[in-house]
Amino acid sequence: MSAGEFELIERHFAALGAARDDVILGVGDDAALLVAPPGCRLMVASASASGDAQPEAVALDCFHRAARALRAVGAIPAWLTLALSLERVDEPWVARFAIALDRACREAGVRVVGGDTTAGVSAVTIFLTGIEPA
97 MSAGEFELIE
107 RHFAALGAAR
117 DDVILGVGDD
127 AALLVAPPGC
137 RLMVASASAS
147 GDAQPEAVAL
157 DCFHRAARAL
167 RAVGAIPAWL
177 TLALSLERVD
187 EPWVARFAIA
197 LDRACREAGV
207 RVVGGDTTAG
217 VSAVTIFLTG
227 IEPA
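Counting from 1 along the sequence shown, just add 96 to a position and that's the residue number in the numbering used here.
Next comes the structure, spelled out in structure tokens:
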């Protein structure tokens with residue numbers, strides 16, 4: 097990704113989603129530090145899409161497919177990591193994608209806690225981690 101990778105992340109992704117007390121270290125580092133409730137199990141689901149479609153559709157499709165997979169096994173979505181690959185930085189596309197993803201995350205009580213932004217074929221992968229209550 098270009099020298100503007102960190103500016104892109106700060107501008108569009110650093111504060112996405114619902115505030116959560118169980119996020120100790122989130123966006124801005126290469127790893128997230130999270131606190132799982134005692135006695136609970138964690139489950140992870142992912143969903144991918146080409147980054148060539150409308151940004152809102154990409155964000156919502158990936159988010160909802162991963163959330164449905166978690167809910168199907170009794171998990172409550174909590175944290176999201178995002179792998180975003182872009183052939184070129186298209187600020188309007190990224191802004192629209194981030195707004196749609198933020199809305200979906202806030203409605204579900206999910207916090208974006210990290211991911212990876214790279215240069216390459218345009219693609220999006222969302223990894224959604226959920227908590228299975230004991």
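Ideal Cβ placement from N, Cα and C applies to all residues, glycine included.
Source: prediction; values computed, not measured.
If the five residues before and after Ala132 are omitted, its C-beta is found closer than 7 Å to the C-beta atoms of Leu138, Ile227, all from its own chain and listed in chain order. Unbroken beta strand (DSSP E) stretches of 3 residues or longer found wholly inside the segment 129-176: 137-146, given in chain order. In this structure, Thr221 and Ser144 form a Cβ contact; the two beta carbons are roughly 4 Å apart against a cut-off of 8 Å.
In the DSSP assignment, Val190 falls within the unbroken alpha helix (DSSP H) covering 187-204. When Ala127, Gly210, Ser142 are compared, the shortest CA-CA separation from Asp157 is found for Ser142. In this structure Leu129 is exposed. Its beta-carbon is surrounded by fewer than 16 other beta-carbon atoms within 10 angstroms. Exposure of Val217 is indicated by the presence of fewer than 16 other C-beta atoms within 10 angstroms of its C-beta.
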